[in-house]
Each structure stands twice: as C-alpha cells, then as structure tokens.
Amino acid sequence: MACSFATTTRTLTTQQRENNISNAPPPDVRSTSRLYMGMKVNIRIVGRKSSEPWLEEGVDMYEKRLRPSNVEIETTWHKDNVALMKGYEMDCSKNYKVICLDPKGKQPTSEVFTTNMYQWLDEGGSRLSFIIGGAEGLPNELKYPTASSKKISAPIMISLSSLTFTHQFARLLLIEQIYRATEIQKGSGYHK
C-alpha cells in the first residue's frame, strides 16, 4: 500500500525560505496507516554511551513517552567513522531517509522539524536514521561527498543549535525534539 501525504499550497515563511525546508503542512499520521502502525528512528553515533546517569535517564524518559505514539528509538554506537559509514551505507541501501546533525546544517524550528520528520518517515517507509558524529564531528565522506562517490549521496544536514554539544547531549536533545514533534502532531499542550 503506497503511503503519501497530501500537501497544500501556502506561503513560505522567511525562516522556511532561509532553511530551504519543506513547506508541506504537518501530515495527519492517523490517516497514514503505515506510519500509524509504527515508526522506527535509528540514531547512529560515533563513541560510546554516556557514563552520566542523568543523560541516560533523560533518554529513557523520552523513549518511554514516545511509546504511545508508536515511535521506537534505537541508538547504535559505532567505534569509529569507518563503522559509522558502513551503518550509513546500510541505511541508504534500505532506502531509509538519513539525516546528519552538523553545526553547518539548517536550523529548523520545532514546527518545521515536525513537518519534515513525518515527511522523511513517509519517504523512508516509516524508518528514519539520524547520524551524530563523534568528538571530531561527521566523517568527511558525509560532509563533503564527491561526485565520484558511488555509494554516498549528499545527505540532508540539520543543526539543533548554533551552540556546540557533546554527541551524548546532542542525542538527548534530538530525542526530545522527536518527542516534541509527536506532540505537535497530536496537538497536545506540550509545545507552547
């Protein structure tokens, strides 16, 4: 069964024009059976799980809050950029939409992130992958793909902030934004 979202024409905001991010209104997940049945978001990170209990408690809290929304978060830790690139190539081969977090990426608002997240999930068959680089950032193969790279297509780059965060903290912020997106989609009072 094909899954698509209807889009309507509307005026782009200055923020959307500057970010070159989708103009489509947030999709209605309830009308999209494949997305309604379950979504899987994989977060790929170079490094290892944080030894700070408060970070892992925050991640656990948002993962639990996401369960009623049928969103499963899985974090895959990679020992180095070579392993990360293999994971990236695997996600691309499965036609997952892959989004890289990079300080030079576009900074969407939470509302624009919501719209894009559901669009990316639709395009990736309810599967979405985010990549967070380690201490040195993303591998150059992702940041500067060349025309001769057969396996690598230019990924979508977004930024959570102009500030710099550790990769473990960026993971927590990303999961909170994913949760916020589900709440915006539902129309709850979480996002004000």
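Everything in the sequence shown is counted per the working numbering, starting at 1 for the first residue and increasing by one.
Backbone N, C-alpha and C define an ideal beta-carbon position, used for all residues, glycine too.
Check                                                                                                                                          : Outcome
Nearest-angstrom Cα distance between K86 and K64?                                                                                              : 29 Å
Three-state secondary structure (DSSP) at T166?                                                                                                : coil
Give the single residue among F169, K186, Q107 and G187 whose Cα lies nearest to the Cα of L55.                                                : F169
Just reading off the beta strand (DSSP E) that P103 is part of, what are its end residues?                                                     : K97 to K106
In whole angstroms, what separates the C-alpha of V82 from that of Y118?                                                                       : 29 Å
So T109 and Q185 are in contact, right, with Cβ under 8 Å, and what is the actual spacing, rounded?                                            : That pair is no contact at about 15 Å.
Ignore the nearest five residues each way along the sequence and tell me which others in E176's own chain have a CB closer than 7 Å to its CB. : Y62
Among residues of its own chain, excluding the 5 on either side of E111, which ones have a beta-carbon nearer than 7 Å to its beta-carbon?     : I184
Could you check if G134 is buried or exposed, using at least 16 other CB atoms within 10 Å of its CB as the buried criterion?                  : buried
Quick check on DSSP: helix, strand or coil for K40?                                                                                            : strand
Does the beta-carbon distance from K49 to D102 come in below 8 Å?                                                                              : no
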